[in-house]
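Peer 1: Residues in the sequence shown are numbered from 1 upward in steps of one, following UniProt numbering. We put the CB at the ideal spot given by N, CA and C, even for glycine.
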Amino acid sequence: MKVNWKALRDWRLLGGGKLGGRRTINQRLVILFAVLIGGFVLVGTAYLGVVGLNTAAETTNAKVSEFGFTVDRINVGMLRARREEKDFFTERRGDYLQKHGAAMTAIYGAIDQAERLAPDDESSDLLSEVRSYVKTYHGTFNGVAEALKRAGYDNNSGLLGALRSAIEDVEKLLARQQQQNVELITSVLRMRGIEKDFVQRADDKFISAMTAERDRFAASLGRAVLTADVRAAIEEKMKAYQATFLGLAASYREIADETQAFDGVARKVDPLLGSLAAKKDRTLLDNRAAHTFTTRVITLLFIGVLIAITAVVSLVLFSTRRSITTPLGRLTSTIDAITSGNRDARAKLATGDEMQQLGDALDRMMDERGKFMQTEAENERLNNSIIAILRAVSQLGKGDLTVRVPVHEDITGALGDAINHMSESIGKTLGQASASSEQVVATSKKTRAITSQSRESVLGTAQGMNEIRATIQETAKRIKRLGERSQEIGGIVRLIDTIAERTNMLALNANMQAAQAGEAGRGFMVVAAEVQRLAENAKDAAHQIEKLVGNIQVETSDTIAAMDQAIEEVVEGSELAERAATQMQRNEEMVDTLDDVGKRLLGSVLAFKLPPEYLLPHTAHSEAANSWAAVA
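1. Which whole runs of the alpha helix (DSSP H) in the region 73-147 are 4 residues long or more, in chain order?
2. Please state whether the Cβ-Cβ distance between I25 and D353 is less than 7 Å.
3. Closest to I234 by CA distance: which of T471, V170, N511 and A345 is it?
4. Which residue from I386, T105, A166 and N342 puts its Cα closest to that of M366?
5. So, is G359 buried or exposed, given that buried needs 16 or more other C-beta atoms within 10 angstroms?
6. Could you tell me the boundaries of the alpha helix (DSSP H) in which V199 lies?
7. Ends of the alpha helix (DSSP H) at A212?
8. One question on the structure: do A577 and M465 come within less than 7 Å of each other, judged by their Cβ atoms?
9. Could you give the C-beta distance for Q553 and Q487, rounded to a whole number, given that I count them as a contact under 8 Å?
10. Is R455 closer than 7 Å to Q585 when the C-beta atoms are compared?
11. I need the boundaries of the alpha helix (DSSP H) containing S164, first residue and last residue.
12. Among residues of its own chain, excluding the 5 on either side of E254, which ones have a beta-carbon nearer than 6 Å to its beta-carbon?
13. Closest by CA to L285, which one among N61, G101 and T295?
14. Just the Cα atoms here: how many angstroms apart are G52 and T295?
15. Comparing alpha-carbon positions, which option in L117, T332, I107 and A175 lies nearest Y137?
16. With C-beta atoms as the reference, is V571 less than 7 Å away from I468?
17. Roughly how many angstroms separate the alpha carbons of M422 and Q439, rounded to a whole number?
18. Only counting the same chain, and skipping five residues up and downstream in sequence, which positions put a Cβ closer than 8 Å to that of D344?
19. By Cβ distance, which residues of its chain are closer than 8 Å to R223, with the 5 residues on each side in sequence left out?
20. Enumerate in chain order the residues of its own chain whose CB-to-CB distance from A337 is below 8 Å, with the five nearest sequence positions on each side excluded.
21. Are the beta-carbon atoms belonging to E151 and L159 less than 7 Å from one another?
22. Mark D596 as exposed unless 16 or more other C-beta atoms lie within 10 angstroms of its C-beta, in which case mark it buried.
23. Going by DSSP in three states, S340 sits in which element: helix, strand or coil?
24. With DSSP run on the structure shown, which of helix, strand or coil describes T451?
25. Keeping to the same chain, check which residues put their C-beta closer than 7 Å to that of R192; ignore five residues upstream and five downstream.
26. On the three-state DSSP scale, how would you describe Y153?
27. Can you tell me whether DSSP reads A353 as helix, strand or coil?
28. Between the Cα of T45 and the Cα atoms of I298, N551 and A219, which residue gives the shortest distance?
29. Buried or exposed, going by whether 16 or more other CB atoms sit within 10 Å of the CB of Y252?
30. Hey, how far is the Cα of E195 from the Cα of T259?
31. Alpha carbons only, please: which of T310, R288, L246 and I492 is nearest the one belonging to E58?
32. Measure the alpha-carbon distance for Q453 versus T443 and round it to whole angstroms.
33. Going by Cα to Cα distance, which pick from T140, F206 and E236 is closest to A218?
34. In the structure shown, what three-state DSSP assignment does K348 receive?
35. Excluding the five sequence neighbours on either side, which residues of its own chain have a C-beta within less than 8 Å of the C-beta of L328, listed in chain order?
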C-alpha cells in the first residue's frame, strides 16, 4: 500500500484526538511507520550514545593507563638514577656518570610524555613540580660530579693526582741526597697520612693538621744541610703541594654541600611521584565509575524507549486490525447474500477508511449490474445482426457474388449496405476482367505464331552462317598447307642453286685442266664449257622459281588474312543470329506465359458465381471455359 507522506505533517494525525478514531488505514500505517521510525531513531541514538561513551571511556582509560605507565617509568627512572648515583660515589668511575645521564634523559622523556597525557590540571601541576625538582637534583648531581672530577676519582687523576705527584717529587729530591734527613722524611710521611685521612673523612681538622705539619716541614727544611738548588726545588714543590691540598679541601667542601642539596631534592621527588601515582589511580577509578553510571542510565533509557515503542505499536496494530476485520466481515456477508440471489443486498459501510471505499465500490458495482442487464438484450439483437453479416461475408468469400447482406435498422445497417455495394462493384470489375482476359488469350495466340516463324527463320540463318564459317575455315587450312608447300619448293630451289654453283665450279676446273692438256683436251674443254653454260641457265631458272615462290607466299598470306577477317565477320553474324534466335525464344516464352496468365485469370473470374447481367456472351463464355479446362 502506498504511504501518504503528506499525512506525516498533519499534527492531528500524529498527536491530536484519539489514536483509534475515524482514520484511514493509510493514516494508521503512517502513524505506525512514524512511531517505528522515531523508536528506531531513539534506539539508534541510545546505542550510538552507549558506543560513544564506551569509546570515550576506553580512550580515557587508555590515556589514564598510559599516563600511569609513564608515571611508573618516571619512578623507575628515578630509582635507576639514584642507583647509578650511589655506584658513582662508591666506585668513582666515569661509566656510572654516563649511565646516570642516560637515566635522567629517560626521566625527562617520560615527564614530557606524562605532561601530554595528563588527564587534568592537578596532574599537570604535579608534573611541573616533579620536573622542577628533577632538574634541581640533576643540576646538583652534575655539580657534585664536576667537583669530584676536579678532586680526582683516584690518586692518578685531578687534584689527588697533582697532590701525589708533588709529594713524590719532594720524596725523590730527598732520596737523592747523600745525607738522609730523617726529620724531613718523617714530616713528609706525616703529611701523606694527614692527606689520606682527609680524603677518607673530609674533616676540616685535617686541614689544620696539614697546615701545622707544613710549618714543621718548613722549619726542618731550614735546618737541613742541603744545597741551595735542592732547597729551592723542595720549597717550590711543597708550595704546589700545599696549594693543591687547599684546592682539594675546597672541592671536598663543595662536594659535601652539593651532596647535601641533591639528597634533599631527591627526598622531595619521591613523595611527589607518590602523589602523582595516587592521582592517576583516583582518576582511573573516577572515570570507570562515571562510565558505569552513564551506561546504566542509557541502558534504562534504552529499555524504556523499547517498552514505549512496543506499547504504541501494539495499540496501533490493534486499532488497525479492528478497523479491517469488522468491515471485512460486513463485506463478506454482503457478497454471500448476493451469491445466494439477493440482488438488492448492499454493504453500506461508514468507517471512513479504505474499507468504506471498497464497500462503496461493491455497492456501485451492483447498481451498475442492473443497467448491464438492460443492455444485454440490445447486445443480443446486435449479435444476431452481426452473425447474419458474417454468414453473408462468408458466402462472398467463397465466390458467390449473388448473395445480398440483410440490412437492419440498427448500427449494422450501414455495414450491410456497404458490403452489398462492394459485392456489386466486384461483380462489375470481374466481368470487365473476364473480357480483358479473353482478348489477352487471343492476342497471345497470334503473337506466339508470329514469334515461332521468326525464330525458325533466324535459326536457319544462323545455321547457314555456321556452314559458311566451316567452309571458309577449311579453305584457309588448305591455303596454309599450300604456303607450307611453297616453302618446301623454295628449299628445293635453293638446293638446285647450290648444285648449279658447284657444277659451274667443276666446269671451270675441267676447262682449266683441258687447257693444260693442250690439244688432247680440247674436246673435253668444249664439253666443260657446255656444262658451265647449262649450270648458269639452271641457276637463272632457280632464281626465277624462287621469286615466283616468294610471290606465292605473299599472296597466300594476304589470302589467309582476308579469310580470317571473313571468318570473324561470319562468326559475328552467326552470334548475332543466335542472339536473335535466343531473344525470339524468350519472346515466345513470354507470350506463352502471358497466354497462361490470361487463361488463369479467366479461369479465376469464371470461378466466381456472378449475376446474369455481368456474364459474357454464351459463345465467348464457352470458349473461355474450354481454354481454362485445357490449362487445368
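Peer 2: The relevant details are as follows:
1. The region 73-147 contains these whole alpha helix (DSSP H) runs: 94-117.
2. Numbered from 1 along the sequence shown, position 25 holds the residue referred to as residue 25. Numbered from 1 along the sequence shown, position 353 holds the residue referred to as residue 353. For the 7 Å CB-CB criterion, I25 and D353 form a contact.
3. Sequence index remark: in the sequence shown, residue 234 carries index 234 (1-based). Looking at the Cα atoms, V170 is the closest of the given residues.
4. Position 366 of the sequence shown, counting from 1, holds the residue named residue 366. The residue with the shortest Cα to Cα distance from M366 is N342.
5. The residue you call residue 359 lines up with position 359 of the sequence shown. Buried is the call here.
6. Along the sequence shown, read from residue 1 onward, the residue named residue 199 stands at position 199. Looking at the DSSP string, the run of the alpha helix (DSSP H) that includes V199 is V182 to R201.
7. Residue 212 sits at position 212 when you count from the first residue of the sequence shown. Run containing A212: K205 to R223, per the alpha helix (DSSP H) assignment.
8. The residue given as residue 577 occupies position 577 in the sequence shown. The residue given as residue 465 occupies position 465 in the sequence shown. Yes; because the gap between Cβ atoms is below 7 Å, this pair is in contact.
9. Looking up residue 553 in the sequence shown gives position 553. Looking up residue 487 in the sequence shown gives position 487. So it is a contact: roughly 7 Å between Cβ atoms.
10. The residue labelled residue 585 in the question sits at position 585 within the sequence shown. The residue labelled residue 455 in the question sits at position 455 within the sequence shown. Cβ distance < 7 Å, so Q585 and R455 count as in contact.
11. One-based indexing of the sequence shown puts residue 164 at position 164. Per the sequence presented here, residue 164 reads as Arg, with Ser not at that position. Unbroken alpha helix (DSSP H) run through R164: G158 to A175.
12. Along the sequence shown, read from residue 1 onward, the residue named residue 254 stands at position 254. Only A147 meet the Cβ criterion.
13. For this step, residue 285 is matched to residue 285 along the sequence shown. Nearest option by C-alpha distance: N61.
14. What you label residue 52 is simply residue 52 of the sequence shown in a count that begins at 1. What you label residue 295 is simply residue 295 of the sequence shown in a count that begins at 1. Their backbone Cα atoms lie some 10 Å apart in a straight line.
15. Taking the sequence shown and counting its residues from 1, the one referred to as residue 137 is at position 137. When only C-alpha atoms are compared, the closest one is I107.
16. The residue you call residue 571 lines up with position 571 of the sequence shown. The residue you call residue 468 lines up with position 468 of the sequence shown. For V571 and I468, no; Cβs fall outside 7 Å.
17. For the purposes of this step, residue 422 is taken as the residue at position 422 of the sequence shown. For the purposes of this step, residue 439 is taken as the residue at position 439 of the sequence shown. The alpha-carbon atoms of M422 and Q439 are separated by roughly 26 Å.
18. Mapped onto the sequence shown, residue 344 falls at position 344. Nothing meets the Cβ criterion.
19. Taking the sequence shown and counting its residues from 1, one reaches residue 223 at position 223. Excluding positions up to five away in sequence, the list reads E183.
20. Against the sequence shown, residue 337 aligns to sequence position 337. These residues qualify, in order along the chain: A345.
21. Locating residue 151 in the sequence shown gives position 151, where the first residue counts as 1. Locating residue 159 in the sequence shown gives position 159, where the first residue counts as 1. Per the sequence presented here, residue 151 reads as Ala, with Glu not at that position. Judged by beta-carbon spacing, L159 lies within the 7 Å limit of A151, meaning their Cβ atoms are closer than that value.
22. Stepping through the sequence shown from its first residue, residue 596 is reached at position 596. The Cβ neighbour count for D596, taken over all protein chains shown within 10 Å, is under 16; the residue is labelled exposed.
23. For the purposes of this step, residue 340 is taken as residue 340 along the sequence shown, with counting starting at 1. Three-state result, S340: coil.
24. Reading the sequence shown from its first residue, position 451 is the one you call residue 451. If DSSP states are grouped into helix, strand and coil, T451 belongs with the helices.
25. Locating residue 192 in the sequence shown gives position 192, counting from the first residue. Closer than 7 Å at Cβ, skipping near neighbours: I167.
26. In the sequence shown, counting from the first residue as 1, residue 153 sits at position 153. In the structure shown, Y153 falls within a coil segment according to DSSP collapsed to helix, strand and coil.
27. Start at 1 with the first residue of the sequence shown, and residue 353 comes out as number 353. Going by the sequence as given, residue 353 is Asp instead of Ala. In this structure, DSSP gives D353 a state outside helix and strand, which the three-state scheme calls coil.
28. As a first step, residue 45 must be located in the sequence shown, where it is residue number 45. Of the listed residues, the one whose Cα sits closest to T45 is I298.
29. Your numbering for residue 252 matches position 252 in the sequence shown. Label assigned to Y252: buried.
30. In the sequence shown, the residue the question calls residue 195 occupies position 195. In the sequence shown, the residue the question calls residue 259 occupies position 259. Cα to Cα, E195 sits roughly 21 Å from T259.
31. Stepping through the sequence shown from its first residue, residue 58 is reached at position 58. Checked all of T310, R288, L246 and I492; the closest Cα to E58 is R288.
32. Within the sequence shown, numbered from 1, the residue matching residue 453 stands at position 453. Within the sequence shown, numbered from 1, the residue matching residue 443 stands at position 443. Taking the straight line joining both Cα atoms gives about 16 Å.
33. Residue numbering aside, residue 218 sits at position 218 when the sequence shown is read from its first letter. If we check each option's Cα against that of A218, E236 comes out closest.
34. Here residue 348 is taken as the residue at index 348 of the sequence shown, counted from 1. Note: K348 maps to coil in three-state DSSP.
35. Counting from 1 along the sequence shown, the entry for residue 328 is found at position 328. Here the set comprises M355.
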